[in-house]
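Take 0 as the starting number for the sequence shown in numbering that gives the first Met the number 0 and just add one per residue. Note that the Cβ used here is the ideal one computed from N, Cα and C, for glycine as well. Computed from a predicted model, the values in this text were never measured in an experiment. Here the structure is laid out as C-alpha coordinates; the discussion comes afterwards.
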Amino acid sequence: MKKSKIFGNRLLAYLIDWYLVALLNSMAVVFIYSIETQQKTTSNSLLQLSDRGVVIALAAIFVLNAFYFIGLPARKGATVGKRIAKIRVVHRDGSRLTRKEFFVREFIGVLTLEGALFSTSNVVRDYFVAKINPELYFLHYIFVGITIVSLLYALFFEKEGRMFHDLLLKTRVAKVDS
(Lines of atoms letter the chains of each structure in order from A and count residues from 1; the text may use other names and numbers.)
(Lines give C-alpha, C1' and ligand atoms only; values in the text may rest on other atoms or scores of the structure.)
Protein backbone atom coordinates (compact mmCIF):
# COMPACT_ATOMS: atom_id res chain seq x y z
CA MET A 1 0.00 0.00 0.00
CA LYS A 2 1.25 3.50 -0.82
CA LYS A 3 2.59 5.53 2.08
CA SER A 4 0.12 8.38 1.46
CA LYS A 5 -2.85 5.98 1.60
CA ILE A 6 -1.71 4.40 4.87
CA PHE A 7 -1.21 7.87 6.37
CA GLY A 8 -4.81 8.75 5.57
CA ASN A 9 -5.90 5.55 7.32
CA ARG A 10 -3.58 6.30 10.24
CA LEU A 11 -5.00 9.80 10.57
CA LEU A 12 -8.56 8.48 10.60
CA ALA A 13 -7.65 5.86 13.23
CA TYR A 14 -5.83 8.48 15.32
CA LEU A 15 -8.81 10.84 15.32
CA ILE A 16 -11.25 8.08 16.30
CA ASP A 17 -8.94 6.71 19.01
CA TRP A 18 -8.16 10.20 20.32
CA TYR A 19 -11.83 11.00 20.69
CA LEU A 20 -12.78 7.68 22.32
CA VAL A 21 -9.89 7.75 24.78
CA ALA A 22 -10.51 11.42 25.65
CA LEU A 23 -14.13 10.47 26.32
CA LEU A 24 -13.12 7.51 28.51
CA ASN A 25 -10.60 9.62 30.43
CA SER A 26 -13.15 12.40 30.98
CA MET A 27 -15.78 9.92 32.11
CA ALA A 28 -13.41 8.52 34.72
CA VAL A 29 -12.62 11.98 36.12
CA VAL A 30 -16.26 13.13 36.01
CA PHE A 31 -17.39 9.95 37.79
CA ILE A 32 -14.86 10.41 40.60
CA TYR A 33 -15.62 14.14 40.84
CA SER A 34 -19.34 13.45 41.20
CA ILE A 35 -18.69 10.87 43.93
CA GLU A 36 -16.36 13.23 45.82
CA THR A 37 -18.58 16.30 45.64
CA GLN A 38 -22.02 14.67 45.63
CA GLN A 39 -23.02 17.38 43.14
CA LYS A 40 -24.90 17.21 39.87
CA THR A 41 -22.41 19.57 38.24
CA THR A 42 -19.34 17.95 36.75
CA SER A 43 -15.71 18.66 36.08
CA ASN A 44 -13.31 16.68 33.96
CA SER A 45 -10.23 18.41 35.37
CA LEU A 46 -7.92 16.49 37.67
CA LEU A 47 -7.20 19.81 39.40
CA GLN A 48 -10.75 19.78 40.84
CA LEU A 49 -10.20 16.46 42.62
CA SER A 50 -8.75 15.75 46.04
CA ASP A 51 -5.31 14.11 46.15
CA ARG A 52 -7.02 10.77 46.79
CA GLY A 53 -9.39 11.41 43.89
CA VAL A 54 -6.46 12.18 41.59
CA VAL A 55 -4.76 8.89 42.49
CA ILE A 56 -7.99 6.98 41.82
CA ALA A 57 -8.61 8.88 38.58
CA LEU A 58 -5.06 8.31 37.33
CA ALA A 59 -5.32 4.62 38.17
CA ALA A 60 -8.64 4.42 36.30
CA ILE A 61 -7.16 6.29 33.32
CA PHE A 62 -4.17 3.94 33.28
CA VAL A 63 -6.42 0.85 33.38
CA LEU A 64 -8.75 2.21 30.66
CA ASN A 65 -5.81 3.14 28.44
CA ALA A 66 -4.10 -0.21 29.04
CA PHE A 67 -7.29 -1.98 28.00
CA TYR A 68 -7.80 0.22 24.95
CA PHE A 69 -4.19 0.33 23.66
CA ILE A 70 -2.87 -3.04 24.85
CA GLY A 71 -5.77 -5.37 25.59
CA LEU A 72 -7.88 -4.64 22.51
CA PRO A 73 -5.01 -4.77 19.99
CA ALA A 74 -3.47 -7.87 21.56
CA ARG A 75 -6.84 -9.65 21.55
CA LYS A 76 -8.65 -8.20 18.52
CA GLY A 77 -5.66 -7.07 16.46
CA ALA A 78 -6.36 -3.33 16.58
CA THR A 79 -7.95 -0.45 18.48
CA VAL A 80 -11.45 0.67 17.51
CA GLY A 81 -10.01 3.43 15.32
CA LYS A 82 -7.61 1.10 13.55
CA ARG A 83 -10.36 -1.46 13.00
CA ILE A 84 -12.59 1.17 11.37
CA ALA A 85 -9.64 2.41 9.27
CA LYS A 86 -8.81 -1.21 8.38
CA ILE A 87 -5.23 -1.07 9.59
CA ARG A 88 -3.24 -2.79 12.31
CA VAL A 89 0.18 -2.59 13.91
CA VAL A 90 2.47 -5.50 13.05
CA HIS A 91 6.15 -6.34 13.15
CA ARG A 92 8.05 -5.44 10.00
CA ASP A 93 7.73 -9.09 8.92
CA GLY A 94 3.94 -8.89 9.34
CA SER A 95 3.69 -10.95 12.54
CA ARG A 96 1.49 -9.87 15.46
CA LEU A 97 2.76 -8.03 18.52
CA THR A 98 2.59 -9.42 22.04
CA ARG A 99 0.95 -7.54 24.94
CA LYS A 100 4.40 -6.56 26.22
CA GLU A 101 5.33 -5.15 22.81
CA PHE A 102 2.07 -3.18 22.64
CA PHE A 103 2.84 -1.82 26.13
CA VAL A 104 6.31 -0.64 25.10
CA ARG A 105 5.03 0.81 21.82
CA GLU A 106 2.00 2.62 23.24
CA PHE A 107 3.09 3.72 26.70
CA ILE A 108 6.78 4.36 26.14
CA GLY A 109 6.79 5.24 22.46
CA VAL A 110 3.47 6.96 21.83
CA LEU A 111 2.35 8.37 25.19
CA THR A 112 5.72 9.56 26.45
CA LEU A 113 7.96 10.11 23.43
CA GLU A 114 5.35 11.42 20.98
CA GLY A 115 2.49 12.06 23.34
CA ALA A 116 2.00 15.77 22.71
CA LEU A 117 -0.94 15.13 20.46
CA PHE A 118 -2.52 12.49 22.64
CA SER A 119 -5.22 13.28 25.19
CA THR A 120 -3.99 10.96 27.95
CA SER A 121 -0.45 12.28 28.07
CA ASN A 122 -1.73 15.86 27.99
CA VAL A 123 -4.14 15.24 30.90
CA VAL A 124 -1.41 13.71 33.05
CA ARG A 125 1.32 16.17 32.06
CA ASP A 126 -0.91 19.23 32.57
CA TYR A 127 -1.91 18.02 36.04
CA PHE A 128 1.66 17.42 37.19
CA VAL A 129 2.92 20.68 35.71
CA ALA A 130 0.15 22.63 37.47
CA LYS A 131 0.77 20.87 40.79
CA ILE A 132 4.57 20.72 40.75
CA ASN A 133 5.77 23.76 38.83
CA PRO A 134 3.87 25.69 36.14
CA GLU A 135 7.20 26.82 34.70
CA LEU A 136 7.73 23.25 33.48
CA TYR A 137 5.06 23.77 30.82
CA PHE A 138 7.86 24.32 28.30
CA LEU A 139 8.21 20.52 28.31
CA HIS A 140 4.95 20.38 26.38
CA TYR A 141 6.63 22.26 23.52
CA ILE A 142 9.51 19.80 23.54
CA PHE A 143 7.06 16.90 23.17
CA VAL A 144 5.20 18.75 20.40
CA GLY A 145 8.55 19.24 18.65
CA ILE A 146 9.43 15.55 18.94
CA THR A 147 6.00 14.60 17.59
CA ILE A 148 6.30 16.99 14.63
CA VAL A 149 9.83 15.80 13.79
CA SER A 150 8.65 12.17 13.99
CA LEU A 151 5.70 12.89 11.71
CA LEU A 152 7.82 14.79 9.17
CA TYR A 153 10.45 12.05 9.24
CA ALA A 154 7.78 9.42 8.57
CA LEU A 155 6.19 11.45 5.77
CA PHE A 156 9.30 12.52 3.90
CA PHE A 157 12.25 10.31 4.81
CA GLU A 158 11.14 6.88 6.04
CA LYS A 159 10.21 4.70 3.08
CA GLU A 160 7.57 2.73 5.04
CA GLY A 161 6.17 5.84 6.75
CA ARG A 162 7.17 4.66 10.20
CA MET A 163 7.21 7.16 13.07
CA PHE A 164 9.73 7.09 15.95
CA HIS A 165 7.52 4.80 18.05
CA ASP A 166 7.40 2.36 15.12
CA LEU A 167 11.16 2.49 14.75
CA LEU A 168 11.63 1.90 18.49
CA LEU A 169 9.88 -1.47 18.36
CA LYS A 170 10.48 -2.31 14.70
CA THR A 171 6.78 -2.14 13.86
CA ARG A 172 4.79 -0.84 10.95
CA VAL A 173 1.17 -0.08 10.22
CA ALA A 174 -0.33 -2.46 7.67
CA LYS A 175 -3.60 -2.53 5.78
CA VAL A 176 -5.96 -5.29 6.89
CA ASP A 177 -7.19 -7.45 4.04
CA SER A 178 -10.97 -7.28 3.91
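Just mark residue i as buried or exposed, buried being the case when its beta carbon has 16 or more other beta carbons within 10 Å.
i      : result
Phe66  : exposed
Leu186 : Absent from the structure is residue 186, since the part of the chain shown begins at 0 and ends at 177.
Thr40  : exposed
Gly7   : exposed
Leu10  : exposed
Leu57  : buried
Val20  : buried
Ile5   : buried
Tyr32  : buried
Glu134 : exposed
Leu138 : exposed
Asn132 : exposed
As a quick exercise: from the options, pick the residue whose alpha carbon is nearest that of residue i.
i      : options                      : result
Ala173 : Ala59, Leu96, Ser120, Leu57  : Leu96
Phe106 : Phe68, Ala77, Val79          : Phe68
Arg124 : Leu22, Leu46, Tyr32          : Leu46
Gly108 : Thr78, Lys169, Pro133, Thr36 : Lys169
Met26  : Ala59, Gln37, Ile15, Thr36   : Ala59
Please list, in chain order, all residues of the same chain as residue i whose beta carbon is under 7 Å from its beta carbon, the five residues on each side excluded.
i      : result
Arg171 : Val89, Arg91, Glu159, Arg161, Asp165
Going by the CB atoms, is the gap between residue j and residue i shorter than 8 Å?
i      : j     : result
Thr146 : Asn24 : no
Ile86  : Ala12 : yes
Asp16  : Thr78 : yes
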